[in-house]
Amino acid sequence: MKLTVADIAAALSARAEGDTTLYVTGAAEPQAAGPDEIALAMSPKYAEALGSGRARAALLWEGADWRAMGLDAAVFVARPRLAMAGLTRAFDPGPGIAPGIHPSAVIDASAVLGPGAAVGPFVVIGPGVEIGSGARIGPHVSIGPGARIGTDALLHAGVRVAHGATIGDRFIAQPGAVVGSDGFSFVTEQKSGVEEIRETLGSRDQIRDQSWHRIHSLGGVEIGDDVEIGANATIDRGTIRATRIGRGTKLDNLVHVGHNVEVGEDCLLCGQVGIAGSARIGSRVVLGGQCGVSDNIFVGDDVIAGGATKIFTNVPAGRVVLGSPAVKMETHVEIQKALRRLPRLAAAVAALQKAVSKDGAKD
Amino acid sequence: MKLTVADIAAALSARAEGDTTLYVTGAAEPQAAGPDEIALAMSPKYAEALGSGRARAALLWEGADWRAMGLDAAVFVARPRLAMAGLTRAFDPGPGIAPGIHPSAVIDASAVLGPGAAVGPFVVIGPGVEIGSGARIGPHVSIGPGARIGTDALLHAGVRVAHGATIGDRFIAQPGAVVGSDGFSFVTEQKSGVEEIRETLGSRDQIRDQSWHRIHSLGGVEIGDDVEIGANATIDRGTIRATRIGRGTKLDNLVHVGHNVEVGEDCLLCGQVGIAGSARIGSRVVLGGQCGVSDNIFVGDDVIAGGATKIFTNVPAGRVVLGSPAVKMETHVEIQKALRRLPRLAAAVAALQKAVSKDGAKD
Amino acid sequence: MKLTVADIAAALSARAEGDTTLYVTGAAEPQAAGPDEIALAMSPKYAEALGSGRARAALLWEGADWRAMGLDAAVFVARPRLAMAGLTRAFDPGPGIAPGIHPSAVIDASAVLGPGAAVGPFVVIGPGVEIGSGARIGPHVSIGPGARIGTDALLHAGVRVAHGATIGDRFIAQPGAVVGSDGFSFVTEQKSGVEEIRETLGSRDQIRDQSWHRIHSLGGVEIGDDVEIGANATIDRGTIRATRIGRGTKLDNLVHVGHNVEVGEDCLLCGQVGIAGSARIGSRVVLGGQCGVSDNIFVGDDVIAGGATKIFTNVPAGRVVLGSPAVKMETHVEIQKALRRLPRLAAAVAALQKAVSKDGAKD
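And the structure:
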């Protein structure tokens, strides 16, 4: 990949100065940048590091004096992380899926692939599958009967899309992601221990044998446009209605989404988050790594949960929550402070008891 | 899939009334049901929703007046979730693995597949493998040398069964499940920091270099009948004896079972549960999503642990536990209550200190 | 596998006595050992169990009287778990990847495989890949363009190595492990809710729409010698610089390592550990199962964290931490004790309030 400084400025809708015809082949941190790389120095704290690198061009903060830094060209950006999105997209060579359909792929005669598809070795595409134009499908991907995927899909190696899944445009799935595994839904013939303690809030009457009957998943998975799914993440099919992931939502690696779950639009579900069956998550919700959401509850729009927060009950829209069980951020901070002081508090109470009993003795 | 109301009643061992020759092609929630679908309205709260849908037949609660609801036929069920098991099984079209053995499959000449096997594209079956009748094996599955699997197995796409694993009848493995990865078992030449703090309960003498030697897993995996394993879940081989999963136990997506672990019969291990090496889990144990069990401990029969419970010490049979570290459900509730009152408690103690010191001052 | 007692002693650098020409075909626990197996009885507590088994040879503790136990031969070991490493390595038949390159493998003409490679069915190796001598590559593995892997690699079934990854010698990856998925790095055009609460520590000004732009991962993954990765574990590519795993570090199943993370040497990351983006982990760090580390923080050398510890802030070198949020082990023990006494403490405060108000009433 070889781009001029002008190309980069255009990709970022940003202003460039100096020799914008200069070619660069990649981006690097200021101190590590070579003469063919554009240095990432988007805040004044990187000014010094620029001097120790050998970059001739840099991404700089607005107002930086690029000539004084010994550069030949500069691109000025207002929001550094947003610039990173444009810059890295411009330089990404992609996963290297060769154009065309590899002769080893097994594609059912009734499947329809849009124009421009790149399909890797050993891909399996079932009957009735429909895939839009511009799809890139890595090796060992399997797509079950009747699944539909929109345009410009990027399915990395070993992705599994089950029969009947419906997926929007610009879908990205990292290696090993699974869309449409069967829901984890079982029932016993008689009331099970779990049902009993839900009714009695903890006490169990008698313990009986129980064996589990599977409730099959007929409901499929529906995924909106611009959704991404992380490596080895899993999304279960719904029971009767579909499990749904809204437009623009991103799931990180090893995230688990149970059956019947509904996730709204533009959410971020970070690494190893788990959403139990039939939970509903609003839009623009951000769940930090290793968060958990119980089955059948509701998490409102714009909720933000810190890492490892465990949500057992409904959360109203807009709330910031932390901890296990999840509480409002302020409450969590207060409880944590009190906890650290708890040994001291216990000592104070013991001292008081002594003082008061002495008072009592004096009576 | 097209069934009569009478077929459905028979599948559920339930009583039907009205025009039981009516055909339906699927099931739906009451308000969404079309004229070809049977509505799921197994409790009086769904009666109204039935009116807004177009179903001609419904699954109803005992005693419901189906004629008054404008239906042509009805099936009466006593335990709704159990009915869902039968109903969804009846309508499940399955994952669409074509009958017969796909010509691309690489099956060792010494492997034995029972009659009726359906084997998808790019499946690899090693030497000495034995698989019972009626197996359905999805694309990209690999089964290592000498593994044995019972009858009616359903291995979804990309399942990995390692060499020497022994698995019972009616095994179901969701996409990407791994049976028989190597155990995570390492040892240093000298005593490691972890060994030291286990002995000293936390204090460390001196810190030394440590490099890890692998303890290989010779022990394999033994799985009983009617076991299911979720998508991308992993079960490690044992070191000397096998890792064991008992009959009827179900593992959800992304569950991790370490080396030498023994899980009893009819357990449910929900999404992202982790069981560390050499732990023993009794029968009919239910571990909610994201639970963890430490290595070498024992969890008794019929234990139920709520979501995200972390079990560090043995749990006696029949107990309901919650929290991290896991405590009895009642204790957990009490502690949580006290925690929320903790800031108030601290204020009360401060007030008391002031009052008592004033008393003291008066002396 | 058939070894003499002398072979085993040599493999363990240990002393043998008795008939060291005796052949054994495997190892077993004392009570389960047959006449062809060497019994594992490395501490006096196993002496009795030896009597109930049928082993003729055993691994024994130093000083044990093997003749009195009715054995024909014995090997004496000082550090039992270390002996297990040698013994299990000696007996491990391996995953059964047949020698040579399976004709179905798709290997780009520009890829270079060292001598002695065993490559299973349906493997895909991209252009420019370099793999050292002695590689064993299981079925359905894919290796992206330009990836480099050292000597004696063992890649189990379905492992994914992305384009451009650099990996040292003796690399082991369990089934389904993913090296080089894209980082989970997104940015909104305007300031997002998460950025806002980071600045304000919890309060949110106004809630706006947000849609996420991907920051692509140009940085690859660099892995040192002697690293192992568990089943279905995932390691993300870095953004600009590489995500790095140091020499000798072992990752268990379902571990997640985010983009830009640096992990030092000789660490153990147990099952389901998650390390968020740009965190740095020192050397010889041990993180128990289900630990989490927040993004951008630093965990010093020789830190040990118990199971399910959640690390939100920097941890200095050598510390032993527990809990969520992680605190020093002693602090954690103290807090847990105080927590269990909390209901009693509350009762004591209530009693004090009564006593003091009575005192007050008397004034």
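These protein sequence lines are chains A, B and C, in that order.
My numbering puts the first residue of the first sequence at 1, with every later residue one more than the last.
My numbering puts the first residue of the second sequence at 1, with every later residue one more than the last.
My numbering puts the first residue of the third sequence at 1, with every later residue one more than the last.
Just so it is clear, CB atoms sit at the ideal spot from N, CA and C, and this is done for glycine as well.
Computed from a prediction, not measured in an experiment: that's the story for all the values here.
Contact of residue 232/A with chain B by beta-carbon distance below 8 Å involves 176, 232, 254. Residue 310/A counts as buried, since no fewer than 16 other beta carbons sit within 10 angstroms of its beta carbon.
For chain B, the residues of the segment 310 to 323 of chain A that bring a beta carbon within less than 9 Å of one of its beta carbons are 310, 312, in chain order.
Between residue 110/B and residue 127/B, the C-beta gap is smaller than 8 Å, which places the two residues in contact.
Under the three-state reduction of DSSP, residue 243/A is assigned to strand. Among the CB atoms of chain A, one or more fall inside 8 Å of the CB of residue 104/B. The beta carbon of residue 94/A lies closer than 6 Å to none in the same chain, with the five residues before and after it left out.
Interface with chain B (8 Å Cβ-Cβ cutoff): residue 326/A is excluded. In the DSSP assignment, residue 235/A falls within the beta strand (DSSP E) that extends over 234 to 236. Just so you know, the alpha carbons of residue 61/C and residue 27/C end up roughly 16 Å apart. CA-CA distance, residue 129/B to residue 327/B, rounds to 45 Å. Around the Cβ of residue 347/C, a 10 Å sphere holds fewer than 16 other Cβ atoms; the residue is exposed. Against chain A, the CB of residue 343/B has a partner CB under 8 Å away; the residue lies at that interface. Contact annotation: the segment 185 to 199 of chain B touches the segment 208 to 225 of chain B, with at least three C-beta pairs closer than 8 Å. Cβ-Cβ distances below 8 Å link residue 66/A to 17, 18, 58, 60, 73, 74 in the same chain, with the five nearest sequence neighbours on each side left out; the list follows chain order.
When Cβ-Cβ separations below 8 Å define contact, residue 199/B makes no contact with chain C.
In summary, residue 253/A is buried, with 16 or more beta-carbon neighbours lying within 10 Å of its beta-carbon over all protein chains present. Contact of residue 20/B with chain A is not assigned, every C-beta pair being separated by 8 Å or more.
Positions of the beta strand (DSSP E) runs, each at least 3 residues long and wholly inside the segment 247 to 332 of chain A, are given as 320 to 322 in order along the chain. Around the beta carbon of residue 313/C, a 10 Å sphere encloses fewer than 16 other beta carbons of the protein chains shown; the residue is thus reported as exposed. The beta carbon of residue 332/B sits no closer than 8 Å to any beta carbon of chain C.
One thing to note: residue 172/A has its Cβ no nearer than 8 Å to the Cβ of residue 161/A. Taking a C-beta distance under 8 Å as the contact criterion, residue 266/C and residue 249/C qualify as a contact pair. Counting of Cβ neighbours within 10 angstroms places residue 207/A among the exposed residues, the total staying below 16.
By the rule that beta-carbons nearer than 8 Å mark a contact, residue 349/B touches chain C. The beta-carbon distance between residue 85/B and residue 55/B, rounded to whole angstroms, is 21 Å. This is too long to meet the 8 Å contact definition. For residue 296/B, the number of other beta carbons within 10 angstroms of its own is below 16, and it is reported as exposed.
If the five residues before and after residue 181/A are omitted, its C-beta is found closer than 6 Å to the C-beta atoms of 234, 236, all from its own chain and listed in chain order. Taking a Cβ-Cβ threshold of 8 Å, none of the residues of chain A is close to residue 42/B; the smallest such distance is about 12 Å. Here DSSP, grouped into helix, strand and coil, assigns residue 29/C to coil. Our two residues, residue 99/C and residue 163/B, have alpha carbons roughly 16 Å apart in a direct line. Only buried fits residue 283/B, as 16 or more other CB atoms lie within 10 angstroms of its CB. Here residue 180/C carries a strand assignment [DSSP, helix/strand/coil].
The beta carbons of residue 258/B and residue 231/B sit no closer together than 8 Å. The alpha-carbon separation between residue 117/B and residue 166/B amounts to approximately 18 Å. The beta-carbon of residue 50/B is placed no less than 8 Å from the nearest beta-carbon of chain A.
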